[in-house]
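**Student:** In the numbering used here, the protein residues as written are 5 to 490. My questions all concern the structure below.
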């Protein structure tokens, strides 16, 4: 069943729409009602309906503002507006901006039936396409693990593909829900290039590209410009051949994709993976910090962190290298601050967690600097009431991507001290607490067989299926798909 939210500032109108047709026979169910624009937005975030039927004129947020917020926040829902004759041009503009359709008041039963039938057809096709993308999903969880050594040639043979060109790359991209650019093998003209598409996350697709780098070097660029121009960001792996491990190329593309985190110029849309030459500098800098930590020299620690930060923020390092640097510092903290009360607020993170928790290298290194400052007794008093508000806010929004730094800014607390408060109150670090809440919700949602695994991942707030799968298996001993069968 597709879920429908009806929003109208006149409750009797909303009630009338809910009773006008046999929703169930079309594959819909009424999930809720809202009576102003702001309440509608909150209900959309909470209920995640497939369809919103909304009055075009409402207090709080009007129709265009509501649609704009839906698009901005990446909420996947179809919107049908209800308007009067005087709002006709307004409704037409809403359709141009992405609404599915508009209905004129008073809504006639045949028109509502016709609109919802068309919408059901669109949603069914979308679900079918999504299912086709997910056919290999369970295999991919293991196939793309970094330590998986299966070669490209073996993968192609196992799946029945025959590719004739010598070179391979992975391209992984993030796209907005408004313009999901889903080029597939079926509608792709294979002229000098072959392609296999994989769904690898929420609003995230990966393409294994086969082409001739020497004989047709512009083939890859033509593919990107012709078919991937609408993607918000793209990560491109290095060049592989038939004997290259498939997972290696995928990981390179994924690392390149998330390396927008460290780009000095925001909005770097395309990043190509290349080997870095900063290893010696990083090793030297970390050793200098270790000496400063051992000798308890705050100024030298700060100087060393500033040096590492400058390198990480330069754009020369990829996100996996930044994660390595961060975890090296965490190792020093565990080694030399074994008796620190704040030790449990510092945890090892992979590159995906770093991107999720921190908005930039500056915020990442601020968190490290905050730890060292706390060792000198720096801090501030926070009332129990304030602590309660912080935890309540997290409980109400744990399915959203909220950076720890954003929480610190919201409650006007230093990032390091906020970490300490959350750990003291919950017994877990911020990421551990959010992960536990999300995985608990995931277990509940997996009991609903109507939801696919990727829909569950979406609802609990993860963008990367592989990261979710690892976390679920680590915590519960089985993959989500196997848990569902228990």
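C-beta atoms are modelled at their ideal positions from N, C-alpha and C, and glycine is treated no differently.
To which residues of the same chain is residue 42 closer than 7 Å at the C-beta, ignoring the five residues directly before and after it?
**Tutor:** Locating residue 42 in the chain shown gives position 38, where the first residue counts as 1. Same-chain partners within the cutoff: 64 and 65.
**Student:** Judging by CA-CA distance, which residue of 442, 395, 453 and 400 is the nearest neighbour of residue 428?
**Tutor:** Here residue 428 refers to the residue found at position 424 when the chain shown is read from its first residue. Here the closest residue by C-alpha is 395.
**Student:** Using the Cβ count rule (16 or more neighbours within 10 Å means buried), how would you classify residue 424?
**Tutor:** Reading the chain shown from its first residue, position 420 is the one you call residue 424. When all chains shown are included, residue 424 counts as buried.
**Student:** Identify whether residue 249 lies in helix, strand or coil by the three-state DSSP scheme.
**Tutor:** For the purposes of this step, residue 249 is taken as the residue at position 245 of the chain shown. Strand, per DSSP.
**Student:** With DSSP collapsed to three states, give me the class of residue 416.
**Tutor:** The residue given as residue 416 occupies position 412 in the chain shown. In this structure, residue 416 counts as coil in the three-state DSSP scheme.
**Student:** Is residue 201 helix, strand or coil by DSSP?
**Tutor:** Here the question's residue 201 lines up with position 197 in the chain shown. Three-state DSSP puts residue 201 in a strand.
**Student:** When you compare only the Cα positions, how much space is there between residue 262 and residue 206?
**Tutor:** One-based indexing of the chain shown puts residue 262 at position 258. One-based indexing of the chain shown puts residue 206 at position 202. Taking the straight line from one Cα to the other gives about 14 Å.
**Student:** Would you decide whether residue 95 is buried or exposed? Buried here means 16 or more other CB atoms lie within 10 Å of its CB.
**Tutor:** Working through the chain shown from its first residue, we reach residue 95 at position 91. Label assigned to residue 95: buried.
**Student:** Measure the C-alpha to C-alpha separation of residue 169 and residue 356 and round it to an integer number of angstroms.
**Tutor:** Here residue 169 refers to the residue found at position 165 of the chain shown. Here residue 356 refers to the residue found at position 352 of the chain shown. Their Cα atoms are separated by approximately 32 Å.
**Student:** Of the residues 465, 439 and 370, which one's Cα is nearest the Cα of residue 480?
**Tutor:** Position 476 of the chain shown, counting from 1, holds the residue named residue 480. If we check each option's Cα against that of residue 480, 439 comes out closest.
**Student:** Where do the ends of the alpha helix (DSSP H) carrying residue 462 lie?
**Tutor:** Taking the first residue of the chain shown as 1, we reach residue 462 at position 458. Element bounds for residue 462: 457 to 464.
**Student:** Pull up the distance between the alpha-carbon of residue 10 and that of residue 56, whole angstroms please.
**Tutor:** Here the question's residue 10 lines up with position 6 in the chain shown. Here the question's residue 56 lines up with position 52 in the chain shown. When rounded, the distance between both Cα atoms is 6 Å.
**Student:** Would residue 286 and residue 315 qualify as a contact pair, given that the criterion is a beta-carbon distance under 8 Å?
**Tutor:** Numbered from its first residue, the chain shown carries residue 286 at position 282. Numbered from its first residue, the chain shown carries residue 315 at position 311. It is a contact, given that the beta carbons lie within the stated cut-off.
**Student:** Can you give me the C-alpha to C-alpha distance between residue 462 and residue 300, rounded to a whole angstrom?
**Tutor:** Counting from 1 along the chain shown, the entry for residue 462 is found at position 458. Counting from 1 along the chain shown, the entry for residue 300 is found at position 296. Their Cα atoms are separated by approximately 45 Å.
**Student:** Going by the CB atoms, is the gap between residue 240 and residue 200 shorter than 8 Å?
**Tutor:** Counting from one through the chain shown, the residue named residue 200 turns up at place 196. Counting from one through the chain shown, the residue named residue 240 turns up at place 236. Not in contact: residue 200 and residue 240 (Cβ atoms no closer than 8 Å).
**Student:** How should residue 151 be labelled, buried or exposed, when 16 other C-beta atoms within 10 angstroms of its C-beta is the threshold for buried?
**Tutor:** Locating residue 151 in the chain shown gives position 147, counting from the first residue. Exposed: under 16 other Cβ atoms inside 10 Å.
**Student:** Under 8 Å: do the stretch 155 to 168 and the stretch 234 to 252 share three or more Cβ pairs, one atom per stretch?
**Tutor:** Yes: the two stretches touch, three or more of their Cβ pairs being nearer than 8 Å.
**Student:** Quick check on residue 350: buried or exposed, where buried means 16 or more other Cβ atoms within 10 Å of its Cβ?
**Tutor:** One-based indexing of the chain shown puts residue 350 at position 346. Burial call: buried.
**Student:** Can you tell me whether residue 37 is buried or exposed, with buried defined as 16 or more other CB within 10 angstroms of its CB?
**Tutor:** For the purposes of this step, residue 37 is taken as the residue at position 33 of the chain shown. Its Cβ being crowded by 16 or more others within 10 Å, residue 37 is buried.
**Student:** Give me the Cβ distance between residue 178 and residue 237, rounded to the nearest whole Å; I'm assuming they're in contact under 8 Å.
**Tutor:** Here residue 178 corresponds to residue number 174 of the chain shown, with the count starting at 1. Here residue 237 corresponds to residue number 233 of the chain shown, with the count starting at 1. Between residue 237 and residue 178 the Cβ distance is about 5 Å, and since that is below 8 Å, they are a contact.
**Student:** Which of the three DSSP states, helix, strand or coil, is assigned to residue 222?
**Tutor:** By one-based count along the chain shown, residue 222 stands at place 218. Here residue 222 sits in coil by DSSP.
**Student:** Run through DSSP, which three-state label would residue 214 get?
**Tutor:** Along the chain shown, read from residue 1 onward, the residue named residue 214 stands at position 210. Strand.
**Student:** Can you grab the Cα-Cα spacing for the pair residue 416 / residue 147, in whole Å?
**Tutor:** As a working mapping, residue 416 is identified with position 412 in the chain shown. As a working mapping, residue 147 is identified with position 143 in the chain shown. Those two C-alpha atoms are separated by around 44 Å.
**Student:** Alpha carbons only, please: which of 368, 411, 306 and 378 is nearest the one belonging to residue 393?
**Tutor:** Indexing the chain shown from 1 puts residue 393 at position 389. For residue 393, the nearest C-alpha among the options comes from 411.
**Student:** Between the beta-carbon of residue 435 and the beta-carbon of residue 361, is there less than 8 Å?
**Tutor:** Position 431 of the chain shown holds residue 435. Position 357 of the chain shown holds residue 361. Yes, these two residues count as a Cβ contact at 8 Å.
**Student:** Distance, Cα to Cα, residue 460 vs residue 449?
**Tutor:** For the purposes of this step, residue 460 is identified with residue 456 of the chain shown, where counting begins at 1. For the purposes of this step, residue 449 is identified with residue 445 of the chain shown, where counting begins at 1. Taking the straight line from one Cα to the other gives about 6 Å.
**Student:** So what's residue 23 in DSSP terms, helix, strand or just coil?
**Tutor:** Taking the first residue of the chain shown as position 1, residue 23 is located at position 19. Correct three-state label for residue 23: helix.
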